[in-house]
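Undergrad:
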Amino acid sequence: MEIIRPLAAIFLSLAEKIFSPVADGFNFQEYLIDLKKVLDELGAEAAKTILENLDQELRESKARKQEWIIVKNNAPKEILTPFGPVSYERTYYRHKESGTYSHLVDEKAGITPHSRLSLGMKAELTAVCSDLSYERATDQLSLHNPALKVSKQTASNYVRAFQATPKPPPKEKRHVERLYVEADEDHVKLGSRRGQVRLVYVHEGVVQDPRPHLVNARYFTTVRKSPEEFWTEVLDYLDSHYDLESVNEIFLSGDGAPWIQASKEYIPNSIFLLDKFHLSKSIVTATAHAKELKKEIYKGIGLLDKEHVMRRLAEALELAKTEPRQKRVLATVKYIGNNWDGIKNGVIHSHVGCSAEGHVSHILSARLSSRPMAWSLLGAERMALIRATRANGESIQEHIQAASSQAPVIIELKTRIKKELKHLKKGLRFGKEYLNNAPVYSGGHNLTRAALKGLLPPSRVWGVPG
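Put into structure tokens, the structure is as follows:
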């Protein structure tokens, strides 16, 4: 069975649709819309041709006949591709020994039994879902082709199925003097309760080029992992990418939450610094009714005088006339008391900043909690993973492709395509048999005919020996 021959005929039949509007004065913008429809039609037909030829190749394969028995011929299937729906027919098989059933061509093409979307469309939909709601993502995907519309449940299923394939570690570890590890969490609604989506990122410092950005930043996120599992994942990354013996200092910044404090057991020789944003927020809350004390508290912190800070907070407590204000002051007393070492380290290493709050807002909150919405545990986990994957500069499509069970196209088909293309390049078929015998070439002169003949060498248009 030939592959290129039917496609060449499709090219010719569509050529007239592509070139004929140019003949008489036309609206270019309308032409572009019509042109896209024509090219989508061509792409869908090409995909159908390739799949059905691959199916025929499998039917004729000696290796297949030794292991698989044909159960049903011409079983219909439709998938959505970037060109629109592609309907094709394939063969259903049963394995002689195991008794399992399979549409082998689907397996070769990476098309799962109940999937409606091609891998490329699945990846595009998953990526769009990381910015938009499921419903709006499906609308975006079908904006220029209503046939690509899928349900929001389909979008949700693809998000939940996403897996990030680990990349191999570099051949050589990086040698740096300092590393920075920053952590914070987003608070999201998980069903009927509240939960945390945790974010940790590692970097080598901040540079201005021209705007501030982190050097070699790497993001990690989780909803379901325990602190032990999560920090072990971070440590594995550090150990595989950096020569930790050459690192003089590892600064670990966060709001002092127990899961962040637990990192000190896993990150070697780390220096914990309490995030100044959360410290300032706590002090402002405690002194809202006694603003004159705020400056004194900051003075005590700058002098590393814990007793001075606690005396000023005690004064704030005396001035608090209502129970809610008293509770806020007591919460700040407890917060500063539990994190004094982190506060002290922050003063000593005042050059070290922390932008965890901003990163949580940009990477997590923008999709997970900025608008009223509820997530399942798995949905929140995978959405956070997708957002972190994109923040790491990685392709969602590459991860989905790597996680698929797609098998390589059999070598016989690849070889045959190359052979047919070689014949076309020589002009043995495309130039003489197809073009000169195509319907568009019959009749008088027209722009389409002239345009197509202009693509051919003189020997194929005029019959002159090359």
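For the sequence shown, this note's numbering begins at 8 and goes up steadily by one.
Cβ atoms here follow ideal geometry from the backbone N, Cα and C, with glycine treated the same way.
Treat the numbers as computed from the prediction; the structure is a model and nothing was measured.
With respect to the beta strand (DSSP E) encompassing T228, which residues constitute its N-terminal and C-terminal limits?
TA: Element bounds for T228: R225 to T229.
Undergrad: Would you identify the three-state DSSP class for Y99, choosing helix, strand or coil?
TA: It is a strand residue.
Undergrad: Report the rounded CA-to-CA distance for I407 versus K306, giving the unit in angstroms.
TA: I407 and K306: Cα-Cα distance of roughly 53 Å.
Undergrad: So is N352 buried or exposed if we call it buried at 16+ other beta carbons inside 10 Å?
TA: Classification of N352: buried, given that the 10 Å Cβ count is 16 or more.
Undergrad: With a 10 Å radius around its C-beta and 16 neighbouring C-beta atoms as the bar for buried, classify G438 as buried or exposed.
TA: Confidence at G438 is low in this model, with a pLDDT of 48, below 50, so the placement of that residue is unreliable and no value is reported for it.
Undergrad: Please list, in chain order, all residues of the same chain as K301 whose beta carbon is under 8 Å from its beta carbon, the five residues on each side excluded.
TA: For K301, where only same-chain residues beyond five positions count, the Cβ hits under 8 Å are I290, V291 and T294.
Undergrad: With a 10 Å radius around its C-beta and 16 neighbouring C-beta atoms as the bar for buried, classify S94 as buried or exposed.
TA: S94 comes out exposed.
Undergrad: Name the two residues that bound the continuous alpha helix (DSSP H) containing K119.
TA: Going by the sequence as given, residue 119 is Thr instead of Lys. Element bounds for T119: n/a, residue is neither H nor E.
Undergrad: Measure the alpha-carbon distance for L442 versus T56 and round it to whole angstroms.
TA: Below a pLDDT of 50, predicted positions are generally treated as unreliable, and L442, at 49, falls in that range; no measurement from the model is reported.
Undergrad: Taking contact to mean at least 3 C-beta pairs separated by less than 8 Å, is the region 360–374 in contact with the region 208–228?
TA: Counting Cβ pairs under 8 Å, three or more are found: they touch.
Undergrad: According to DSSP, is I274 part of a helix, a strand, or is it coil?
TA: I274: coil per DSSP, three-state reduction.
Undergrad: So, at 7 Å on beta carbons, what are the nonlocal neighbours of P176 in its own chain, with the 5 sequence-adjacent residues on each side left out?
TA: Cβ within range, chain order: S247 and H248.
Undergrad: Count the C-beta pairs between the region 371–387 and the region 213–227 that are closer than 8 Å, then say yes if the count reaches three, no if not.
TA: No, the region 371–387 does not touch the region 213–227.
Undergrad: Please identify the residue among K79, L58 and L320 whose C-alpha is closest to the C-alpha of E114.
TA: The candidate whose alpha carbon is nearest that of E114 is L58.
Undergrad: If you drop the 5 nearest sequence neighbours on each side, which residues of the same chain put their C-beta closer than 7 Å to that of V214?
TA: Only H220 and V222 meet the Cβ criterion.
Undergrad: Given this structure, state the Cα-to-Cα distance separating E240 from Y273, to the nearest angstrom.
TA: If I take the Cα positions, the gap works out to 10 Å.
Undergrad: Suppose you measure from the CA of E388 to the CA of K298; what does that come to, to the nearest Å?
TA: Going from the Cα of E388 to the Cα of K298 covers about 41 Å.
Undergrad: Just verifying my parser: in three-state terms, what is the DSSP assignment at L311?
TA: Coil at L311, not helix or strand.
Undergrad: Would you call the region 131–144 and the region 103–114 touching, i.e. three or more CB-CB distances under 8 Å?
TA: The region 131–144 vs the region 103–114: no contact.
Undergrad: Whose C-beta lies closer than 8 Å to the C-beta of R319 among residues of the same chain, with five residues either side of it excluded?
TA: Excluding sequence neighbours, R319 sits near L300, E303, I304 and G307.
Undergrad: Give the single residue among V316, T339 and H356 whose Cα lies nearest to the Cα of K288.
TA: Of the candidates V316, T339 and H356, the one whose C-alpha sits nearest the C-alpha of K288 is T339.
Undergrad: For E189, which beta-bridge partners are listed by DSSP?
TA: Looking at the DSSP assignment, E189 forms a beta bridge with Y208 and S260.
Undergrad: Classify R144 as helix, strand or coil using the three-state DSSP reduction.
TA: Note on identity: in this sequence residue 144 is Ala, with Arg being the wrong assignment. Correct three-state label for A144: helix.
Undergrad: When burial is assigned at 16 or more other CB atoms within 10 Å of the CB, is Y38 buried or exposed?
TA: Under this definition Y38 is an exposed residue.
Undergrad: Rounded C-beta distance between V183 and V230? I'm assuming under 8 Å.
TA: The pair is not a contact, with the Cβ atoms about 30 Å apart (cut-off 8 Å).
Undergrad: Would the region 122–130 count as touching the region 148–162 if we require 3 or more Cβ pairs under 8 Å?
TA: Judged by Cβ distances under 8 Å, the region 122–130 makes contact with the region 148–162, as three or more pairs qualify.
Undergrad: When burial is assigned at 16 or more other CB atoms within 10 Å of the CB, is I343 buried or exposed?
TA: Under this definition I343 is a buried residue.
Undergrad: In the structure shown, what three-state DSSP assignment does H194 receive?
TA: Reduced to three states, the DSSP call for H194 is strand.
Undergrad: Would you kindly report the start and end of the unbroken beta strand (DSSP E) that includes Q215?
TA: Q215 -> beta strand (DSSP E) spans V213 to Q215.
Undergrad: Which partner residues does R201 have in the DSSP bridge list?
TA: The partner list for R201 (beta bridge, DSSP) reads K196.
Undergrad: Excluding the 5 residues flanking A398 on each side, which residues of the same chain have their C-beta closer than 6 Å to its C-beta?
TA: Contacts found: Y226 and I370.
Undergrad: If you check the beta carbons only, do T228 and V204 fall under 8 Å apart?
TA: Yes, these two residues count as a Cβ contact at 8 Å.
Undergrad: For E64, tell me which candidate among T98, K44, A51 and Q333 has the shortest Cα-Cα distance.
TA: Among T98, K44, A51 and Q333, the Cα nearest to that of E64 belongs to T98.
Undergrad: Bridge partners for K84 per DSSP, in chain order?
TA: According to DSSP, which records beta bridges pairwise, K84 is partnered with Y95.
Undergrad: Restricting to Cα atoms, I'd like to know which of L19, H151, L61 and T329 is closest to I40.
TA: Closest by alpha carbon: H151.
Undergrad: Taking buried to mean at least 16 other C-beta atoms within 10 Å of its own C-beta, is D312 buried or exposed?
TA: Exposed, since its Cβ has fewer than 16 Cβ neighbours within 10 Å.
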